[in-house]
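In this note's numbering, the protein residues as written are 353 to 655.
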């Protein structure tokens with residue numbers, strides 16, 4: 353089945369779904385000669401676009417202000433790498449340029465079956481994508497930009513100076529040494545990242561991220577008597593994220609809304625449910641209450 357056919361496919365059971373994703377994961381997707389990792393993302397409403405919350409809410413120009421402000425208010429909550437900090441902030445509702453994905457196809461299906469009961473769900477499948485570790489210096493460089501620079505009227509000369517200072521010698525990586533090369537990395541539409549499992553939820557969900565890039569909108573000369581060649585760079589959210597991914601073999605599957613509850617019961621029977629994916633006390637309690645109600649009142653009584 354070709355990606356275009358898969359994209360319009362509607363699935364009604366776990367077995368339907370697994371047959372399709374198994375076929376996709378076994379296909380020989382090779383991107384630039386790199387054999388990558390297959391990722392999945394479930395969205396509970398198929399009308400939602402594939403876009404990170406920072407872009408959807410129009411906050412790219414305030415990204416570094418958001419990140420700096422919250423760390424000023426709660427400095428003790430932020431330890432570890434900046435990618436880990438960004439993931440933690442997203443976990444608690446901060447708009448970021450990260451998109452949650454998973455390496456477990458059943459987890460992707462679970463999230464497609466939640467949310468509005470009258471809306472079709474959707475699973476995005478990203479077969480054999482080139483993938484970086486969370487410790488990759490190129491990923492760290494992009495995340496540093498999120499924290500330290502503004503996407504509007506950006507001084508890329510200052511950003512380049514920071515890269516040179518923080519990553520002077522990086523084994524097996526040639527870091528950018530010109531603004532032009534730095535610009536290439538900042539405008540990569542997407543990068544798949546396997547992070548460290550720094551909290552139980554990421555591990556339980558086999559979590560990973562798409563770090564979304566930016567589009568260069570324009571360059572304006574700076575009014576400077578000190579450096580007449582100085583320029584400012586203006587960025588916007590990366591455009592057509594799914595279109596770019598689709599060119600690399602990505603496709604999506606629709607979960608009809610009337611099939612959501614049946615699929616959730618099938619997933620629960622094989623250990624994919626709220627208590628296993630959200631290993632904290634509030635979610636364990638909520639799952640237990642629903643389970644007891646279902647046994648007492650019937651499988652459709654989940655309110």
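Heads up, the beta-carbon is just placed ideally off N, CA and C, and yes, glycines get one too.
Backbone CA spacing between residue i and residue j [nearest angstrom]
i, j, result
"residue 483", "residue 495", "16 Å"
"residue 428", "residue 376", "44 Å"
"residue 425", "residue 627", "32 Å"
"residue 395", "residue 558", "16 Å"
"residue 537", "residue 637", "44 Å"
"residue 551", "residue 629", "12 Å"
"residue 464", "residue 365", "12 Å"
"residue 473", "residue 615", "11 Å"
"residue 530", "residue 597", "28 Å"
"residue 386", "residue 374", "Legend: pLDDT at residue 386 = 43, less than 50; position of this residue unreliable, value from coordinates given subsequently. When rounded, the distance between both Cα atoms is 20 Å."
"residue 591", "residue 539", "10 Å"
"residue 372", "residue 488", "32 Å"
"residue 492", "residue 517", "13 Å"
"residue 453", "residue 579", "44 Å"
"residue 555", "residue 436", "13 Å"
"residue 398", "residue 521", "45 Å"
"residue 363", "residue 409", "31 Å"
"residue 478", "residue 584", "35 Å"
"residue 622", "residue 390", "21 Å"
Residue i in three-state terms, based on DSSP
i, result
"residue 468", "coil"
"residue 484", "strand"
"residue 411", "coil"
"residue 562", "strand"
"residue 382", "With a pLDDT of only 47 at residue 382, under 50, the local geometry of the prediction cannot be trusted, and the value read off the model is given with reservation. DSSP places residue 382 in coil when its eight states are reduced to three."
"residue 449", "coil"
"residue 568", "strand"
"residue 489", "helix"
"residue 473", "strand"
"residue 463", "helix"
"residue 521", "coil"
"residue 504", "coil"
"residue 392", "strand"
"residue 499", "helix"
"residue 457", "helix"
Contact belief for residue i with residue j at Cβ below 8 Å, rounded distance in angstroms
i, j, result
"residue 587", "residue 605", "32 Å between Cβ atoms; not a contact."
"residue 438", "residue 485", "About 15 Å separates the two Cβ atoms, so there is no contact after all."
"residue 553", "residue 631", "7 Å"
"residue 535", "residue 457", "So it is not a contact: roughly 36 Å between Cβ atoms."
Cutoff 6 Å; reference residue i; Cβ partners in own chain excluding five residues on either side
i, result
"residue 504", "413, 586"
"residue 589", "407, 412"
"residue 575", "none"
"residue 582", "574, 576"
"residue 420", "none"
"residue 361", "605"
"residue 449", "404, 406, 564"
"residue 388", "480, 481, 482, 483"
7 Å CB neighbourhood of residue i in its chain, flanking five on each side removed
i, result
"residue 423", "430"
"residue 593", "402, 403, 541, 542, 564"
"residue 432", "550"
"residue 609", "469, 470, 471, 472"
Contact set for residue i: own chain, Cβ-Cβ below 8 Å, skip 5 residues either direction
i, result
"residue 462", "394, 616, 619, 624, 625, 629"
"residue 382", "The predicted model places residue 382 with a pLDDT of 47, which falls under 50 and marks its position as unreliable; any figure quoted below should be read in that light. Only 480 meet the Cβ criterion."
Item checked: Those runs of the beta strand (DSSP E) which lie wholly inside the segment 572-625 and span at least 3 residues -> When DSSP assignments are scanned along the segment 572-625, the uninterrupted stretches of beta strand (DSSP E) that are 3 or more residues long and fall wholly within it turn out to be 583-589, 603-607.
Check: In chain order, which continuous runs of the alpha helix (DSSP H) of length 4 or greater are located wholly inside the segment 413-438?
Finding: If only uninterrupted alpha helix (DSSP H) runs of at least 4 residues are considered, those enclosed by the segment 413-438 are 415-425.
Check: Counting only runs that start and end within the segment 535-561, where is the alpha helix (DSSP H) found for 4 or more residues in a row?
Finding: Considered as a whole, the segment 535-561 harbours 552-556 as its complete alpha helix (DSSP H) runs of no fewer than 4 residues, in chain order.
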